[in-house]
Amino acid sequence: MAVAQAGKYASLNGDGRAAAQAMDLATELGAALAADRVGEETEVPVGLLDELAQVVESVAGKIESEGWSICPCGEAHEQDEVDVEVVPVMRTDAGLARQLRAGADS
19 MAVAQAGKYA SLNGDGRAAA QAMDLATELG AALAADRVGE ETEVPVGLLD ELAQVVESVA
79 GKIESEGWSI CPCGEAHEQD EVDVEVVPVM RTDAGLARQL RAGADS
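So for the sequence shown, the working numbering puts the first residue at 19; every next one is plus one.
If you want it as structure tokens, here you go:
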């Protein structure tokens with residue numbers, strides 16, 4: 019979910035490269051999860067986890083430092099509160115991807 023949300027933020031804020039990268043990652047992750055068989059662990063390429071953490075963290079930083087918003091209308095309707103609240107959630111999700119990655123190394 020975090021990488022899809024990052025893609026949406028990037029797209030709505032004019033960063034087509036980050037949006038495309040996030041959507042590619044979401045597709046790759048979805049494909050890995052769809053290939054999962056009941057009772058077996060899902061195999062996700064560790065590089066995907068590294069890239070996912072980087073993209074999500076980067077977008078969280080742009081929300082914080084550049085005022086990226088999920089709402090493209092430009093009107094004040096408390097959207098800034100939602101945008102501020104999504105930053106720690108995105109960072110937690112990026113941290114989870116890093117934890118999963120670290121677990122693959124051990």
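Glycine included, every Cβ here is placed at the ideal spot set by N, Cα and C.
- Between the alpha carbons of arginine 109 and glutamate 58 lies a gap of roughly 28 Å.
- DSSP places proline 106 in the uninterrupted alpha helix (DSSP H) bounded by 97-123.
- Between leucine 51 and threonine 45, the CB-CB gap reaches or exceeds 8 Å.
- Between arginine 119 and glutamate 75, the alpha-carbon positions lie close to 15 Å from each other.
- Taking the Cα positions, alanine 38 is about 7 Å away from glycine 25.
- Cβ atoms of valine 73 and valine 105 stay farther apart than 8 Å, at about 14 Å.
- Rounded to whole angstroms, the gap between the alpha carbons of aspartate 42 and asparagine 31 is 18 Å.
- DSSP places glycine 65 in the helix class (H, G or I) of the three-state scheme.
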